[in-house]
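**Q** For the sequence shown, the working numbering gives the first residue as 498, with consecutive numbering after it.
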Amino acid sequence: MKMSRREENGVRVASLAGRLDGFGAKEAEQTLAGENVTTPLVLDCAGLSYLSSAGVRFLLGLQKAAAAAGFPFALAGLQPFCASVMEMSGLSGMIPVYASVDDATRAMQAGGAAIGAGECHETAAGTFAFHTVGSTAGTIDILGDIANVIECAITSELVAGKPFFETEYSLGLGALGGAPEDYLPVMGEAMMAAGTMVWLPTDGNDTPDYMIPRKASTAVVLHTGFNASIRGGFNEFAEFTAAPGRPASVREIYRALFDLAKERRPDYRGVLGLAMRAEIHEAFGAGLTKSPLLSNRPANGKMITDPSNYDAWFESDKTPRHQGTTALICGAGEDLTADLSRIDQELLRRMFYINLANKASQDEVLHNHAVFFRHAPPPAGTQDMDVEMRRVVEEGEFVDMRHLLDQTTVTSALIAVNYVQEVREDAIKG
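1) Taking DSSP's pairing of strands, which residues face E686 in a bridge?
2) Measure the alpha-carbon distance for R888 versus V510 and round it to whole angstroms.
3) To the nearest angstrom, how far is it from the Cα of H628 to the Cα of L559?
4) Taking 6 Å as the limit between beta carbons, can you name the residues of its chain near G613, skipping five residues before and five after?
5) Skipping 5 residues on each side, what residues in its chain have a beta carbon closer than 7 Å to that of V884?
6) Bridge partners for T636 per DSSP, in chain order?
7) For M498, count neighbouring Cβ atoms within 10 angstroms of its own Cβ and tell me buried if that reaches 16, exposed if not.
8) Near S597, which residues of its chain fall below 7 Å by C-beta distance, leaving aside the five closest residues on each side in sequence?
9) Just curious, the alpha helix (DSSP H) that E896 is in, first and last residue?
10) Enumerated in chain order, which unbroken segments of the alpha helix (DSSP H) with a length of 4 residues or greater are wholly contained in the region 837-917?
11) Considering only the alpha carbon of each residue, which of A854, R766 and M886 lies closest to I637?
12) Given a cut-off of 9 Å, decide if M848 and A690 are closer than it, judged by their beta-carbon atoms.
13) Going by alpha carbons, who is nearest to N732 out of L901, S632, A873 and H778?
14) For T528 and C579, what's the separation of their Cα atoms in angstroms?
15) Grouping DSSP H, G and I as helix and E and B as strand, with all else coil, what is A564?
16) Going along the chain, which residues of its own chain have a beta-carbon closer than 7 Å to the beta-carbon of A601, five neighbours each way excluded?
17) Considering only the alpha carbon of each residue, which of D832, D599, G515 and T822 lies closest to P875?
18) If we cut at 9 Å on Cβ distances, does D903 have a partner in chain B?
19) For the beta strand (DSSP E) containing D679, name the first residue and the last one.
20) Can you look up C579 in the DSSP assignment and give me helix, strand or coil?
21) What is the residue span of the alpha helix (DSSP H) that E812 lies within?
22) List the DSSP bridge partners of A740.
23) Can you tell me whether R728 is buried or exposed, with buried defined as 16 or more other CB within 10 angstroms of its CB?
24) Rounding to the nearest angstrom, what Cα-Cα distance links L902 and A657 in this structure?
25) Excluding the five sequence neighbours on either side, which residues of its own chain have a C-beta within less than 6 Å of the C-beta of V920, listed in chain order?
26) Under 6 Å Cβ to Cβ from S501, same chain only, skipping five residues before and after it: list those, please.
27) Within its chain, find whatever has a CB closer than 6 Å to the CB of A873; leave out the 5 residues flanking it on each side and keep chain order.
28) From what residue to what residue does the alpha helix (DSSP H) around I647 run?
29) Taking 8 Å as the cut-off, does the region 788-796 touch the region 736-743 (at least 3 CB pairs, one atom from each stretch)?
30) Give me, in chain order, the residues of the same chain whose beta-carbon lies closer than 6 Å to that of E488; leave out the 5 immediate sequence neighbours on both sides.
31) Report yes if the C-beta distance between G692 and E665 is below 9 Å; otherwise report no.
32) Just how far apart, CA to CA, sit V646 and R774?
33) Could you check what DSSP says for A525 in three-state terms: helix, strand or coil?
34) Which residues in the same chain have their Cβ closer than 6 Å to the Cβ of G927, if we skip the five residues on either side of it in sequence?
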């Protein structure tokens with residue numbers, strides 16, 4: 498591997514060419530040893546043809562050193578094979594990736610202070626400090642149709658088996674099990690975040706179950722009749738703090754992000770995908786109580802969200818279910834006041850629905866699931882949502898999982914934001 502260094506407008510640029518394998522990673526470590534780690538660094542990967550697990554560890558080490566020192570670090574010109582290795586290794590979204598060195602240096606010059614100190618904005622909901630973490634075009638991939646859930650039309654033919662590594666940040670309807678008779682009758686709210694799969698079986702016990710796979714598997718899968726997955730990593734990491742004495746609702750947080758995106762983001766198309774670690778003031782949730790199979794369809798033939806059926810199909814909170822917990826949230830929001838013409842409307846309709854337990858709004862429609870923990874460790878000070886969520890999962894006390902209602906209130910949150918450029922059909926066909 499060949500490596501050279503230069504400086505462009507106060508940003509260190511190290512160019513890598515060849516193979517970043519075990520030997521190349523050692524060479525790179527030696528070359529960068531003793532470098533000043535208090536200034537921005539871009540790795541120019543345009544000439545990098547190969548990336549191994551040793552190379553991934555090298556990049557992760559640089560990313561951790563950068564986060565600890567509080568300086569920007571990014572990759573530029575990543576080639577398709579290396580980008581695939583990054584995604585397979587779970588690094589996509591953890592390290593900012595730009596199309597070119599010029600793009601990376603411009604981003605650092607425009608928002609370099611934001612990466613360290615935060616580009617701050619005061620809103621009615623509270624204060625947001627934004628940090629750029631990636632430039633990859635975000636997408637949401639849709640498998641199935643939420644209409645089949647609310648119309649109680651799920652059949653075995655509409656259920657797909659989705660490997661865990663394919664649903665790193667996703668929400669939907671699902672269950673685990675080896676045979677259709679095991680999983681079809683108990684499908685309920687499901688969520689995947691930072692390598693953890695959590696679901697709420699509709700077996701009458703109102704007790705969530707979860708699994709933390711240690712490696713990818715195609716044998717143990719999430720059986721799902723509907724799933725929405727956030728793809729392409731995250732573009733920004735936001736630190737949110739509500740006004741003292743006035744916790745912000747989930748809806749207010751989304752509304753603030755929508756409005757700020759209109760001002761700040763030329764790539765804003767009216768849809769956001771979010772992952773959050775949120776400190777909860779009061780949590781309101783809902784959950785299916787029966788699997789929405791065609792064989793369970795209500796006798797009146799109406800949707801399960803119809804007022805005549807809702808109470809028989811959903812358990813929803815009129816008073817707070819939890820207070821003072823930490824929630825890991827995966828969700829998406831559609832800004833009804835934005836220009837949505839560049840988003841596939843048919844696919845968008847397959848992701849969102851109106852839950853009667855939410856307070857009505859004419860300006861946005863949201864879909865969020867959450868997992869709740871007590872005694873979670875404090876934030877680690879990183880700008881890496883995977884790291885933050887995994888620490889909560891590993892060190893906190895698991896409490897519950899629900900469809901998260903919009904009136905849930907939050908005192909502070911770490912938010913990874915995907916500015917969705919496209920809503921697509923999921924390639925998984927079951």
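For glycine and all other residues, C-beta sits at the position ideal for the given N, C-alpha and C.
**A** Concretely, from the data shown:
1) L670
2) 32 Å
3) 18 Å
4) Only weak support exists for where G613 lies, its pLDDT of 37 falling under 50; the value from the coordinates is given anyway. Within the same chain, G613 has close Cβ partners G567.
5) A877
6) R728 and E919
7) buried
8) A573 and G574
9) Looking at the sequence itself, residue 896 is Val, so the reference to Glu does not match. Element bounds for V896: not the alpha helix (DSSP H) but the beta strand (DSSP E), E894 to L901.
10) 842-846 and 882-892
11) R766
12) no
13) S632
14) Using only the alpha carbons, I get a separation of about 21 Å.
15) helix
16) If we look at A601 and ignore the five residues flanking it on each side, its Cβ neighbours are V539, A571, A573 and Y595.
17) T822
18) No chain B appears in the structure shown, which is made up of a single protein chain.
19) Counting along the chain, D679 falls outside any beta strand (DSSP E), though it belongs to the alpha helix (DSSP H) covering P677 to Y680.
20) helix
21) First-last for E812: F811 to S813, but that is the beta strand (DSSP E), not the alpha helix (DSSP H).
22) As DSSP reads the structure, A740 sits in a beta bridge with R743.
23) By the C-beta density criterion, R728 is buried, having at least 16 other C-beta atoms within 10 angstroms.
24) 27 Å
25) I637, I840, D841, L844 and L845
26) S512
27) Same-chain partners within the cutoff: T823, V889 and G893.
28) I643 to I647
29) Not touching, per the Cβ criterion.
30) With the chain represented from 498 up to 927, any question about residue 488 goes unanswered, as that position is not in the structure.
31) yes
32) Here the alpha carbon of V646 sits roughly 27 Å from the alpha carbon of R774.
33) helix
34) Annotation note: pLDDT 46 at G927 (below 50); position unreliable, no value reported.
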